[in-house]
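Residue numbers (the working numbering): 13 to 676. This report refers to the structure that appears directly beneath it.
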C-alpha cells in the first residue's frame with residue numbers, strides 16, 4: 013500500500029496517494045488504465061480458485077488430489093501476486109529503496125519454498141485486497157476535492173453589440189463584457205448582475221447548499237449554477253483571475269505540502285524496510301546456527317511471519333490518508349487548505365489577528381454624512397472625491413462613486429496614484445485632488461485643514477486646499493462575535509484587530525465582535541511589525557498565530573503569519589495567493605470549522621499510529637516465539653491497515669456532521 017513519498021519510491025501514477033489532479037489521477041495513459049481494470053478481475057479470479065482449494069485441503073482427499081490442490085494454490089498465487097512480484101523486481105532493478113511490495117513478495121515466495129502454498133496465496137490475495145480498498149478510500153477523499161474541478165464552465169454566452177448571444181470560451185471574455193446566463197447554466201466568470209433576478213447555487217465553491225437570491229447589483233462567482241431566472245452579468249475579472257481559477261491553484265497546491273507526521277513517516281519508512289529485511293534474515297539464519305537441534309524450516313517460517321507483520325502499510329497509508337480526508341472534509345465546507353502542514357498547524361493556533369474592512373466588517377460602505385469647507389457645496393465635494401476615486405477598486409471608493417450619482421468622464425483625469433494605506437492622488441481638470449486619511453493631506457501640506465479632522469471619514473483636498481470630508485459607515489459581520497467566541501472555545505487565547513482604519517472605528521468593531529485588542533491607523537508595514545511582536549509572544553508560549561485578511565494590503569501579513577487565512581469570496585488575488593487557507597464564502601465561522609477539522613484529523617492520525625505500532629509490536633513478539641501463524645501475521649498487517657483506513661474515513665463524516673455549527 014503506497015503513499016506519497018513513502019518507502020516504495022513508487023513511479024508517478026502508481027502511488028496510492030498521488031497528487032489528486034495529475035494526469036494519472038485524471039485517467040492516465042491507456043496501458044495504466046487497463047492494468048487498473050484488470051486488477052480486481054484477477055483478484056476475484058484468484059479468490060475464486062483459492063477458496064475451493066482451501067476447502068479441499070481441509071477435508072481428507074485421496075492420493076491424486078494433493079498435486080491438484082497445490083496447483084490451484086499456485087495458480088491463485090500467480091493471478092493475485094504476479095503484479096506485486098513484478099513491481100518488487102522492477103523497483104529493485106531501478107535501484108529504488110526496498111518497499112512493501114518487496115516484503116510481501118519475499119514472504120510469499122519464501123512460503124512457497126517451504127511448501128506453505130495456501131499461506132503464499134493468502135498473503136497476495138489479502139495484500140492486494142487491502143490495496144484495492146485503500147485506493148477506494150483515497151479516491152473517496154480525492155473526489156470530494158476534485159468535484160471542485162468539475163465546476164469549470166465550458167462556455168460563456170457573450171452578448172454582442174446587436175444583442176445576440178455568442179457561445180465563446182470563458183477565457184476569451186474580457187472585463188466589462190456582458191454575458192447572458194440562462195436558467196440551469198453555470199456562471200462562466202466573476203461579475204455583477206446587470207439585469208434579471210434569480211437564485212444561484214454556490215455549493216461547489218463555498219459548500220453552502222442553500223441557493224442564494226441575486227438581483228441587479230449583486231456579485232456572482234464563476235462556477236455557480238444559475239437557478240430559474242435569466243441573468244445579464246457584467247464581467248469584472250478575466251477567467252484566469254476568477255474565484256474558480258483561484259480554487260484550481262489552491263487545490264493543486266494542497267497535494268504538495270506534507271504535514272510533519274507525513275514527512276516523518278516518509279523518512280522513517282525508507283530506513284525501516286531495509287532494517288526489517290535484515291532482521292528477518294538474521295531470524296532465519298542465526299537460531300539454526302546457534303541453537304542446537306533448531307530447525308531451519310521452523311525459523312524460516314518465523315522469519316516470513318516477521319516480514320508480513322513488519323510491513324509498514326498501516327502507517328504509511330493511514331497518515332497521509334488522514335490528512336487528505338481532512339483537506340477533503342474542509343473543501344466540502346468551502347474551506348480550501350493548501351496542504352497537510354497547514355491543516356496540522358491550525359490546531360495549534362493560540363492567537364488570531366484580523367484585518368477589519370471586508371473581514372470583521374462586511375466592507376460594504378456608504379456615505380453617511382458630508383462635511384464641507386467654506387465655499388464648497390456637498391455636491392462639489394462628492395464630485396471631486398468621485399473623480400479622485402474613479403480608478404480605485406477599494407470598497408470605500410465604490411461607495412463614494414455610488415453616492416455621487418453623476419456621470420464621470422475619465423478623460424478629465426490626467427494623473428492617478430494610489431498611495432498604500434493613505435489614499436489616492438489624482439489630477440482632475442488640471443487640479444491636484446487628494447482623497448484619503450488626514451496623514452495624506454498633512455504629507456501633501458494641504459492648507460486650511462481643521463485642527464481635529466473627523467476620523468471616520470475620507471478627507472478631500474482640491475488644489476492644495478482642504479475641501480471637506482465624507483463620513484463613512486460600515487457594518488460588523490453578523491457572525492463576527494459568534495466566530496470569535498467559537499475560536500476562544502477551541503483554545504485561542506488572544507484575538508487582535510490590526511487595521512489601517514482610524515481609532516474610533518477600530519475600537520467599535522473590536523467591541524462589537526468581542527476582539528481583545530485593536531491597533532488602528534496602521535500602514536501595511538506596520539501591520540507586519542505588530543505581527544512580528546505577536547508571533548514572538550505566541551511562539552514563546554508554544555502556539556501558532558493566524559492572520560485573517562482579504563485585501564491587497566493584507567498580503568504581506570498573510571505571508572508572514574504562521575497561517576494566513578484569506579476571505580476568498582471577496583478577497584483580492586494577492587491575498588488569496590499569499591494565504592495558506594481560503595474561506596470561499598467569507599464566513600468567519602468557517603475559521604473555527606477549519607480548526608475543528610484540524611484537531612479531529614490529528615486525533616485520528618494519532619489513533620492510527622498507536623493502533624498500528626501497538627498491534628505490530630505485540631504480534632512481532634508473539635511471532636518470534638512461534639505463537640503466531642502467517643494467518644495471524646496477515647491480520648497484523650492487512651487487517652490493521654484496513655482498520656486504520658476505516659478510522660481515517662471518519663474524518664469526512666465528522667466534518668459533514670459539524671457543518672451546521674459553522675454557518676451564519
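Think of the CB as a built atom: it goes at the ideal place given N, C-alpha and C, for glycine as much as any other residue. For clarity, every value in this text was computed on a predicted model and none was experimentally measured.
Using a Cβ distance threshold of 8 Å, residue 352 and residue 339 count as a contacting pair.
According to the DSSP assignment, residue 571 belongs to the alpha helix (DSSP H) that extends over 567 to 572. Between residue 79 and residue 132, the C-beta spacing is not below 8 Å. Contact between the region 557 to 577 and the region 524 to 532 is absent: fewer than three C-beta pairs spanning the two stretches fall below 8 Å. DSSP places residue 392 in the uninterrupted alpha helix (DSSP H) bounded by 390 to 400.
Counted as a single uninterrupted DSSP element, the beta strand (DSSP E) harbouring residue 471 occupies residues 469 to 474. Looking at 608, 253, 174, 656, the one whose alpha-carbon comes closest to that of residue 200 is 253. Annotated three-state conformation of residue 371 is helix, per DSSP. When DSSP states are grouped into helix, strand and coil, residue 85 belongs to the helix group.
Annotation: the region 476 to 518 contains the following complete segments of the alpha helix (DSSP H) (minimum length 4 residues), in chain order: 492 to 501. By the C-beta criterion, the region 387 to 398 is judged not to be in contact with the region 647 to 656, since fewer than 3 inter-stretch pairs fall below 8 Å. Residue 246 and residue 170 have their C-alpha atoms roughly 10 Å apart. In this structure, DSSP gives residue 385 a state outside helix and strand, which the three-state scheme calls coil. Residue 330 is not a Cβ neighbour of residue 553, given a cutoff of 8 Å. Where residue 417 is concerned, there is no enclosing alpha helix (DSSP H), because DSSP gives it neither an H nor an E. By the C-beta density criterion, residue 186 is exposed, having fewer than 16 other C-beta atoms within 10 angstroms.
Bounds of the beta strand (DSSP E) holding residue 579 are 575 to 579. In the structure shown, residue 227 falls within a coil segment according to DSSP collapsed to helix, strand and coil.
Under DSSP, the beta-bridge partners assigned to residue 366 are 509, 560.
Annotated as distal: residue 206 and residue 232, with beta-carbon spacing of 8 Å or more. If you draw a straight line from the Cα of residue 449 to the Cα of residue 461, it comes to about 12 Å. As DSSP reads the structure, residue 431 sits in a beta bridge with 435.
Residues of the same chain with a CB within less than 8 Å of the CB of residue 308, apart from the 5 flanking positions on each side, are 296, 300 in chain order. In the displayed model, residue 538 falls within a helix according to three-state DSSP. Between residue 613 and the set 342, 536, 556, the nearest pair of CA atoms involves 342. For residue 122, the enclosing alpha helix (DSSP H) begins and ends at 112 to 125. Residue 363 counts as buried, since at least 16 other C-beta atoms from the protein chains shown sit within 10 angstroms of its C-beta. Beyond the five residues adjoining it in sequence on each side, residue 251 comes within less than 8 Å, by CB distance, of 182, 183, 185, 200, 201, 234, 257 in the same chain, given in chain order. With contact defined as three or more Cβ pairs closer than 8 Å, the region 418 to 436 and the region 481 to 500 are not in contact. Two segments are said to touch when three or more pairs of C-beta atoms, one from each, lie closer than 8 Å; by this definition the region 92 to 101 touches the region 115 to 123.
Three or more Cβ pairs drawn from the region 364 to 384 and the region 408 to 416 lie within less than 8 Å of each other, which places the two stretches in contact. In the three-state DSSP reduction, residue 599 falls in the coil class, being neither helix nor strand. Under the criterion of beta carbons closer than 8 Å, residue 515 and residue 367 do not qualify as touching, at roughly 16 Å.
In the three-state reduction of the DSSP assignment, residue 548 falls in the helix class. Taking the C-beta atoms as reference points, residue 518 is found nearer than 8 Å to residue 532. Per DSSP, residue 204 lies in no alpha helix (DSSP H) segment; the continuous beta strand (DSSP E) that holds it begins and ends at 203 to 207.
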